[in-house]
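Visitor: Taking the working numbering, I'd label the letters of the sequence shown as residues 628 to 720.
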Amino acid sequence: MPNSYHVCLDHNGQNQVITIPKEFALPGKEILLRKEGNRLIIEPIGHSSILSLLSTLPEITDNFPDVDEGLLPLDDIILSGWKIGYIEKGGIA
């Protein structure tokens with residue numbers, strides 16, 4: 628099997644279309660298409676779960692801010708006079 632083929636570009640409306648030779652057929656019905664410089668990279672999307680997809684993403688190196696910084700500590704709140712499934716206060720039954 629050759630490593631490369633010369634193929635023609637066709638047009639379908641405003642989109643360009645290529646025919647992928649059967650020797651290069653990809654599994655599934657969707658692909659990931661990205662551009663790097665003047666190259667188009669076509670990759671099959673074969674992730675069976677969101678976890679396997681996330682494992683392919685680059686590691687996040689950003690430091691996220693502490694959203695609780697500067698907040699006062701939480702107080703224990705006791706809600707007396709309330710029943711589960713029924714709101715006594717405020718006139719709603």
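Ideal Cβ placement from N, Cα and C applies to all residues, glycine included.
For the structure I just gave you, are there three or more beta carbon pairs, one from the stretch 667 to 674 and one from the stretch 687 to 699, closer than 8 Å?
Guide: By the criterion of at least three beta-carbon pairs nearer than 8 Å, the stretch 667 to 674 is not in contact with the stretch 687 to 699.
Visitor: For a quick check, are the C-beta atoms of isoleucine 669 and isoleucine 658 less than 8 Å apart?
Guide: Numbered from its first residue, the sequence shown carries residue 669 at position 42. Numbered from its first residue, the sequence shown carries residue 658 at position 31. The beta carbons of isoleucine 669 and isoleucine 658 sit closer together than 8 Å.
Visitor: What did DSSP end up calling leucine 681 once you bin it into helix, strand or coil?
Guide: Taking the first residue of the sequence shown as position 1, residue 681 is located at position 54. Three-state DSSP puts leucine 681 in a helix.
Visitor: Quick check on DSSP: helix, strand or coil for glutamate 663?
Guide: Translated into positions along the sequence shown, residue 663 becomes position 36. In the structure shown, glutamate 663 sits in a strand (DSSP, three-state: E or B).
Visitor: Going by DSSP, name the residue or residues bridged to isoleucine 658.
Guide: Within the sequence shown, residue 658 is the residue found at index 31, counting from 1. Answer is Pro671.
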